[in-house]
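In my numbering, the protein residues as written are 3 to 90.
Even glycine gets a Cβ: it sits at the ideal position worked out from N, Cα and C.
Notes for the one structure printed next.
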(Lines of atoms letter the chains of each structure in order from A; the text may use other names.)
(Lines give C-alpha, C1' and ligand atoms only; values in the text may rest on other atoms or scores of the structure.)
Protein backbone atom coordinates (compact mmCIF):
# COMPACT_ATOMS: atom_id res chain seq x y z
CA UNK A 3 0.00 0.00 0.00
CA UNK A 4 1.41 3.36 -1.02
CA UNK A 5 1.41 6.19 1.49
CA UNK A 6 -0.51 9.38 0.59
CA UNK A 7 1.22 12.71 1.23
CA UNK A 8 0.01 16.29 1.10
CA UNK A 9 1.56 18.19 -1.79
CA UNK A 10 3.21 21.58 -1.30
CA UNK A 11 4.35 23.77 -4.19
CA UNK A 12 7.36 26.04 -3.64
CA UNK A 13 9.21 28.34 -6.03
CA UNK A 14 12.96 28.09 -6.50
CA UNK A 15 15.31 31.05 -6.93
CA UNK A 16 14.45 31.16 -10.66
CA UNK A 17 10.70 31.31 -9.98
CA UNK A 18 10.14 27.73 -11.15
CA UNK A 19 7.48 25.82 -9.24
CA UNK A 20 8.59 22.58 -7.60
CA UNK A 21 6.15 20.11 -6.05
CA UNK A 22 7.05 18.47 -2.74
CA UNK A 23 5.48 15.72 -0.68
CA UNK A 24 4.94 16.74 2.94
CA UNK A 25 6.65 13.84 4.69
CA UNK A 26 6.33 15.03 8.26
CA UNK A 27 5.29 18.03 10.36
CA UNK A 28 6.40 18.38 13.99
CA UNK A 29 7.19 20.86 16.78
CA UNK A 30 10.39 21.43 18.71
CA UNK A 31 10.65 24.07 21.44
CA UNK A 32 7.40 25.73 20.30
CA UNK A 33 8.61 26.04 16.69
CA UNK A 34 7.00 24.11 13.85
CA UNK A 35 9.00 22.28 11.17
CA UNK A 36 8.25 20.33 8.01
CA UNK A 37 10.18 17.70 6.11
CA UNK A 38 9.54 17.91 2.35
CA UNK A 39 10.68 15.60 -0.46
CA UNK A 40 10.68 16.69 -4.11
CA UNK A 41 8.15 14.68 -6.12
CA UNK A 42 9.85 14.85 -9.53
CA UNK A 43 13.43 14.14 -8.41
CA UNK A 44 13.41 10.93 -6.38
CA UNK A 45 17.21 11.09 -6.08
CA UNK A 46 17.12 14.46 -4.28
CA UNK A 47 17.29 14.57 -0.51
CA UNK A 48 14.43 15.67 1.70
CA UNK A 49 14.42 19.29 2.87
CA UNK A 50 13.80 20.52 6.43
CA UNK A 51 12.13 23.94 6.75
CA UNK A 52 10.82 26.02 9.66
CA UNK A 53 7.16 27.08 9.48
CA UNK A 54 6.46 30.72 10.35
CA UNK A 55 3.45 32.99 9.88
CA UNK A 56 3.39 35.97 7.52
CA UNK A 57 1.54 39.24 8.24
CA UNK A 58 -1.73 37.64 7.09
CA UNK A 59 -1.35 34.63 9.38
CA UNK A 60 -0.51 32.32 6.47
CA UNK A 61 2.19 29.66 6.78
CA UNK A 62 5.51 30.44 5.14
CA UNK A 63 8.45 28.04 4.91
CA UNK A 64 11.85 29.35 5.98
CA UNK A 65 15.25 27.80 5.33
CA UNK A 66 17.01 26.75 8.52
CA UNK A 67 20.28 28.71 8.48
CA UNK A 68 21.55 27.87 11.98
CA UNK A 69 23.64 24.67 12.12
CA UNK A 70 22.60 23.87 15.70
CA UNK A 71 18.90 24.28 14.88
CA UNK A 72 19.29 22.19 11.71
CA UNK A 73 21.03 19.39 13.62
CA UNK A 74 18.28 19.45 16.26
CA UNK A 75 15.59 19.14 13.56
CA UNK A 76 17.50 16.36 11.75
CA UNK A 77 17.85 14.35 14.95
CA UNK A 78 14.17 14.82 15.82
CA UNK A 79 13.16 13.69 12.32
CA UNK A 80 15.34 10.57 12.52
CA UNK A 81 13.93 9.70 15.96
CA UNK A 82 10.33 10.16 14.78
CA UNK A 83 10.98 8.04 11.68
CA UNK A 84 12.45 5.25 13.82
CA UNK A 85 9.43 5.39 16.14
CA UNK A 86 7.07 5.19 13.13
CA UNK A 87 8.97 2.20 11.72
CA UNK A 88 8.70 0.41 15.06
CA UNK A 89 4.92 0.90 15.02
CA UNK A 90 4.58 -0.81 11.63
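| Extent of the continuous beta strand (DSSP E) run through residue 67 | Working through the chain shown from its first residue, we reach residue 67 at position 65. Counting along the chain, residue 67 falls outside any beta strand (DSSP E), and DSSP gives it neither H nor E.
| field | Contact set for residue 25: own chain, Cβ-Cβ below 7 Å, skip 5 residues either direction | value | As a working mapping, residue 25 is identified with position 23 in the chain shown. Cβ contact annotation for residue 25 (same chain, cutoff 7 Å, sequence separation greater than five): 7, 37, 38, 39, 48, in chain order.
| If you check the beta carbons only, do residue 18 and residue 27 fall under 8 Å apart? | Position 16 of the chain shown, counted from the start, is the residue given in the question as residue 18. Position 25 of the chain shown, counted from the start, is the residue given in the question as residue 27. Going by C-beta atoms, residue 18 is not nearer than 8 Å to residue 27.
| Which ranges would you report for the beta strand (DSSP E) in the region 10–75 if only whole runs of at least 3 residues count? | Taking only runs of at least 3 residues, the beta strand (DSSP E) segments lying wholly in the region 10–75 are 19–30, 33–40, 49–55, 61–65.
| In terms of alpha-carbon separation, which member of 71, 11, 45, 16 lies closest to residue 32? | Taking the chain shown and counting its residues from 1, one reaches residue 32 at position 30. Closest option to residue 32, Cα to Cα, is 71.
| message | Quick check on this structure: which residue in 83, 45, 78, 66 has the alpha carbon closest to the alpha carbon of residue 53? | response | If you number the chain shown from 1, residue 53 lands on position 51. Ranked by Cα distance from residue 53, the options 83, 45, 78, 66 are led by 66.
| field | Residues of its chain near residue 9, where Cβ-Cβ distance is below 6 Å and the 5 sequence neighbours each way are ignored | value | Here residue 9 is taken as the residue at index 7 of the chain shown, counted from 1. For residue 9, same chain residues with a beta-carbon under 6 Å away, outside a window of 5 residues either side, are 21 in chain order.
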